[in-house]
Amino acid sequence: MYYGSFTRDLCDKYLTVFADFKYARSYFDSSLAAVPFTPDPFHIAGTDFPTVGPTGPFGISVPIQNPFNPFTVGDTTLVINGAPVPLTTGIRFRGINDTGTRSEKFTYWDQLFDVGLKGEMGEFSDYFKTWNWEMGFRYSRNEGQDLSVGEVSQPGLRDALLDTDPHTAFNPFGGFFRQNTAAARQRVYVTLHNSGEYELPIGYATFNGDLFNLPAGPVSFAIGGEYDAPRFTRDRDVLNNTFNSIGSVDGQSFRVNRDVWGIYEEIRVPFTSPTWNFPGFYSFEVDFAEREEWYSNNTSTVLPSGLFPLQPATHTRYNAQKPKVSVRWQPLNPKYIGALTLRGSYTEAFHAPTLSELTPASSQAFPIVADPFSSQTEPQIEERIIGNPNLHPEVAYEWTYGIVYSPKWIKGLTLSADWWHIDMRDIVAFRGAQTLIVENPPTPGVVQNGPIVFRGVSSIPGEAGPVQFVIDPSNNLSGAILEGLDYEAIYILDSTIFGHGDWGRLTTTVNGTWLSRFEFQAAPEFKRFGIAGTFQPPGGTLTNSLPWNRANFSIFYDGPADTWMGGLDVGAIVHWTGQYEDDNATLTGSTKLQEPRSGPLGGGDEVRARKVSAWTTLDLILNYTFNLPPPAPAEVPGFAKDGGKNVKMKDGKEKNVVPVSTAEYGCSDWKWWLNNTTVTLGMQNVLDEDPPFVAGSFENGYDESVANIKGRFWYVGLKKRF
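Now the structure itself:
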């Protein structure tokens, strides 16, 4: 990674130019289990595939004509290229000896460029002495490439299974220790190439300052405007784009772009201040703000694929205007009981749909489900998620009430607590495969073939067939109400209070969140139900899990100033996540999401329901910043900030003086290089604690939203400030 920044005063503080840039290239290689051969390449989406043979509806089908098929009679027949072909269904196979583990090779290129001007406006008149302005342009771009090695081509596998030549045909009956021929492997296994680009140009301008003075103080304002133009392109491999791969997540290619114009205004009004000493209102101020944004969205044409017809290019427009009001009140003079501040706010917010949510391109997922209507459904099924170019912004209404208190009799202690209530509406969501299966029960005796849930033919009389895949469109259909408490306690122990000199200071912090309430409404026709304290499987509307309690505890020591230890900063941080419920709706097979422990798999005594254990980790960090006396300046060609200006002489005449050199010559001095250099040593998860097991996380067995599996991790950092 390369990073640099530049700041230069052109006209003292009245005009400053600044810029920075960043370029980073990152690469990582992840491994997955050997590719499982599912879904069946002979099952074309949207068609009745009569998987009714004795081996069941899972796995792949192998034609009887395959030279390695030990069966002589098929359990089903398909018409392929106009001819009936008997097949053996439900053959399980993994490419363990053919390719070994799959691998995903990711490469990312990140670029950032930022340039702008800023300054103060006091040179115009005394009225503008508090006014500041800034304008700039930022361009960022992220490019990514993914090489998926060891995946399977459905067309290639079909051809290799239909082949009658044992030298080139694919053998799924070889068992654990046998490997297919090189010719067969070459036809079946592929490396998929996927790439994408996201770019974001931003232009902005802001002004802020004091408008006029009231008896309690100045009325301050801020106003600004911004133009954003994000562009998102996703180019998928042809097999992914046509949903013809096995072992890889398929999806359609797309392009989406958006233009956003926005302005904001804010004004702060002090009604009382310490200069008045007004009883009960030592200080009272109100802040009013509003933001307006106008959106113009464009989605590209999406080519037809399987069940999905061609989606034409779409253009949509919408806008949003939202206010905010906040209050800060100090009722008493701090000399009585210490500094006591009460604060509160009311905010109306909005969140525009992401670019990936707007595209009508469909993407694939493989969620875990429990089918209450059929015992033949696999635990993991295919889901097709479809975006919607007609989505509008999500909205939210938020109230917060808080208190900050620094008691007079305990110097260095600050306590704060904030209660928040958020009402979210029109959340962009897809219902999720589990919800759709429960909401769309099959008709007895009829094979369910859409439009949302698709089932195969049942092999058990009187029971619905297995779910083969689910179509899950995105809409503004969800809502949620959240309530909780954020709290923090900070204590700074300054050693000088003991009267024995300066030995540095200790800073201890405790902060955390208690989630009191999280009620989710999947769709307007459903009642809200509580999901606070539960694991949320990836791919759902709310992908982050919701533990009741999370907290951090830290203690840091800073060395005494004006000594060699002044640059020392060492500390420890403890991260704690309390226990919470697993994905019990899935584990118990519940048909009522508001009653996750009531499913038939739970057996009434909740034998499948469980909780996720608490997780605690320890981090250590050491920083040292060298603060050495700078080398003596030496005059070299350079210019003073006020150099070259006309000055008045004793006789009253003006003279253009020669600029005075202000450049420092010291780059060859090792002290110059060492000064303002920070060295960092750190270790995360010192005790190498594994994350707790989560049964609802089928892929890896832990909660990716609140934990990681990298274990003990140490790092070194070096920063130089010029």
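Just remember that the working numbering sits 3 ahead of the position in the sequence shown, which is counted from 1. Each residue gets a CB set at the ideal place from its N, CA and C atoms; glycine is no exception.
Note on the stretch 516-591: whole beta strand (DSSP E) runs with a minimum of 3 residues are 552-561, 571-580, in chain order. Burial state of Gly574 is buried, judged by a 10 Å Cβ sphere holding 16 or more other Cβ atoms. For a cut-off of 8 Å, the C-beta gap from Gly699 to Asp565 is around 56 Å, too long to register as a contact. Taking the C-beta atoms as reference points, Gly265 is found nearer than 9 Å to Glu296. Along the length of the stretch 140-196, whole alpha helix (DSSP H) runs at least 4 residues long occupy 157-165, 185-191, reported in chain order. For Leu625, the enclosing beta strand (DSSP E) starts and ends at 618-628. With fewer than 16 other Cβ atoms from the protein chains shown falling within 10 Å of its own Cβ, Phe696 counts as exposed. Rounded to whole angstroms, the separation of the alpha carbons of Thr594 and Ser151 is 37 Å. Going by DSSP, Pro89 is part of the beta strand (DSSP E) stretching over 86-94. Taken atom to atom, the span from the alpha-carbon of Gln437 to that of Ile493 is near 44 Å. Just measuring C-alpha positions, the residue of Ile425, Glu598, Ile463, Arg715 sitting nearest Lys530 is Glu598. Residue ranges of uninterrupted alpha helix (DSSP H) with 4 or more members, entirely inside the stretch 301-374 and ordered along the chain, are 337-340, 358-361. Under the three-state reduction of DSSP, Leu677 is assigned to helix.
DSSP lists Trp402, Glu486 as the bridge partner or partners of His424. For Tyr201, the three-state secondary structure derived from DSSP is strand. Between Arg105 and Phe40, the gap from beta carbon to beta carbon reaches 9 Å or more.
By the neighbour-count definition (other C-beta atoms within 10 Å, threshold 16), Ser128 is an exposed residue. Under the DSSP definition of a beta bridge, Tyr207 partners with Gly139, Glu229.
Proximity of the stretch 301-318 to the stretch 351-363 meets the contact definition, three or more beta-carbon pairs being nearer than 8 Å. Per DSSP, the beta-bridge partners of Trp264 are Tyr230, Trp297. Note that the C-beta distance between Glu386 and Val263 is not below 9 Å. Taking C-beta separations shorter than 7 Å and ignoring five residues to either side along the sequence, the partners of Tyr17 in its chain run Gly122, Glu123, Glu126, following chain order. Taking the CA atoms as reference points, Thr580 sits about 28 Å from His354. Annotation for Glu692: Thr620 place their beta carbon closer than 6 Å to its own, counting only its chain and skipping 5 residues before and after. Assignment of Pro695 by DSSP, reduced to helix, strand and coil, places it in the coil class. When the five nearest sequence neighbours on each side are left out, the beta carbons in the same chain lying within less than 7 Å of the beta carbon of Phe376 are those of Pro444, Pro445, Ala467, in order along the chain. For the 9 Å CB-CB criterion, Phe224 and Arg271 form a contact. By the criterion of a C-beta distance shorter than 6 Å, Asp113 is surrounded in its chain by Ala27, Asn145, once the five residues flanking it on both sides are discounted. Taking Thr680 as the centre and dropping the five residues before and after it, the same chain places the C-beta of Phe629, Lys723 closer than 6 Å to its C-beta, in chain order. Here Ile576 is near Asp622, since their CB atoms are less than 9 Å apart. Under the three-state reduction of DSSP output, Gln255 falls in the coil class, being neither helix nor strand.
DSSP, read as helix, strand or coil, puts Asn244 in helix.
Close CB contacts of Lys327 within its chain, under the 6 Å cut and outside five residues either way in sequence, are with Ala292, Thr350 (chain order).
Residue burial annotation: Phe257 is buried, with at least 16 other C-beta atoms found within 10 angstroms of its C-beta. Between Thr245 and Gly227 a beta carbon distance of about 46 Å is seen, past the 8 Å cut, so the two are scored as non-contacting.
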